[in-house]
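Structure, as structure tokens:
Numbering (my numbering), first residue to last: 61 to 304.
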């Protein structure tokens, strides 16, 4: 019975060890997944921050160009209102200023388009960073990891219980073997005692038969027959314990 229980515990122990290995692999996989999701979220945050910095730079450049355009427009207006001669030099200067003004306006337009694109990219990144799905995936991965760790701890606890049961069962087996050994030693000692008692009784009977005369010898035989039941009883007890 103890051997059957020991085999059952060994089977449970083996199954628990296999389950523990599987859970360990699941925990490591979930931890890697959590790290990947956290890294992706961090990369998106950095990308959003970089886009915000670029947008600020574009806004600053746009303001500077707008100020410059206003200055050139005001300067041209003052020059137009002044009563100056319309010499060739003045026309060339005005033409150059007009071209410069047009170039500045084109640059402002390009910067405005670029700023609009950056705003759209910023909004897209903001929506992506605020999207619930990655957060839900991260939370689910964390929950799965925690559940796997809890289950792994429960399996390790069951494993410890199985090992304790195995130790207790081994101790019981050792105690049973020790008891059997003690009983065997006691039986051998009892058998030796019975041999000595029987030998002593046989020796006493033999001495009585030799020391008495013929008439007493007959009585000795009668007495010997009277002792035979005790000798036979001792032999039966000896035979019984040998069967045990």
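Note that beta-carbon positions come from the ideal geometry of N, C-alpha and C, so glycine has one too. Keep in mind it's a predicted model, so treat the numbers as computed, not measured.
Local Cβ density within 10 Å of residue i, reported as buried at 16 or more and exposed below that
| i | result |
| --- | --- |
| residue 123 | exposed |
| residue 205 | buried |
| residue 120 | exposed |
| residue 90 | buried |
| residue 196 | exposed |
Under 9 Å between C-beta atoms of residue i and residue j
| i | j | result |
| --- | --- | --- |
| residue 114 | residue 178 | yes |
| residue 201 | residue 99 | no |
| residue 69 | residue 225 | yes |
| residue 73 | residue 219 | yes |
| residue 118 | residue 166 | no |
Cutoff 6 Å; reference residue i; Cβ partners in own chain excluding five residues on either side
| i | result |
| --- | --- |
| residue 184 | none |
| residue 221 | none |
| residue 127 | none |
Nonlocal neighbours in the same chain, by C-beta distance under 8 Å from residue i, ignoring five residues either side
| i | result |
| --- | --- |
| residue 215 | 76, 79, 80 and 83 |
| residue 223 | 73 |
| residue 145 | Residue placement at residue 145 cannot be trusted, given a pLDDT of 45 that sits under 50; the coordinates are not used to answer. |
| residue 267 | none |
Same chain, Cβ closer than 7 Å to residue i, five either side skipped, listed in chain order
| i | result |
| --- | --- |
| residue 87 | 205, 208, 209 and 212 |
| residue 297 | The predicted position of residue 297 is uncertain, since its pLDDT is 48 and thus under 50; no value can be drawn from it. |
| residue 135 | none |
| residue 148 | Its pLDDT being 48, under 50, residue 148 is placed unreliably by the model, and the measurement read from it follows with that caveat. Nothing meets the Cβ criterion. |
>> Please give me, in chain order, every unbroken run of the alpha helix (DSSP H) with length at least 4 that falls completely inside the stretch 220 to 254.
In response: none
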